[in-house]
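Taking the numbering used here as reference, the numbering of the sequence shown is continuous, increasing by one, and the terminal residue is 155.
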Amino acid sequence: MTRAYGARGGGTVRRVSAAQVPSATHTSVEHADLAALMPMLRRIIGARVSDPTEADDLVQETLVRVLAASARIEPGMLEPYAIVTARNLVASMWQHKDRQRRNQHRVVDLRVPKAPDEDLLIQAERAAVTRALSRLSERERQTLVD
């Protein structure tokens with residue numbers, strides 16, 4: 010079984026198979042321990058991320074990484090490890106978004122393209138104004154131009 014974890018809406022999605030995530034029998038981390046981390050992680054991430062969907066994705070990614078590293082985490086260090094992991098994920102998300110914003114101009118040309126008949130329209134408009142001005146008397150022309 011494979012599940013997708015990561016940011017929605019164009020963010021990086023990491024696929025994790027069930028074999029990569031240790032089960033509760035292989036680790037000292039119990040499901041109750043992970044469930045107890047969720048409200049704290051939601052507060053920490055929610056304070057830094059305004060979009061609730063992105064915040065939920067980051068909470069899930071944090072839990073996946075904590076669960077994957079649970080064999081290396083010393084007893085009593087689960088909460089600090091989860092906090093640091095959450096902060097690092099938020100920082101990585103900010104860096105990714107900042108990089109996208111800075112390089113957006115390279116991806117797409119935001120200038121409005123010039124219409125193919127624009128020069129022709131300008132010439133026709135100038136000719137019409139010139140003809141209209143030539144029909145006026147000198148005094149009327151001076152009044153409009155000045």
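Cβ atoms here follow ideal geometry from the backbone N, Cα and C, with glycine treated the same way.
Since we're looking at a predicted model, the values are computed, not measured.
Item                                                                                                     : Value
What's the gap between the Cα of M86 and the Cα of A41?                                                  : 15 Å
Is M86 helix, strand or coil by DSSP?                                                                    : coil
Output the distance between the C-alpha atoms of E147 and R135, rounded to the nearest integer angstrom. : 19 Å
First and last residue of the alpha helix (DSSP H) that includes L130?                                   : E127 to R144
Determine whether the beta carbon atoms of L43 and L76 lie at a separation below 8 Å.                    : yes
Nearest to I53 by CA position, among E88, A137 and A80, is which residue?                                : E88
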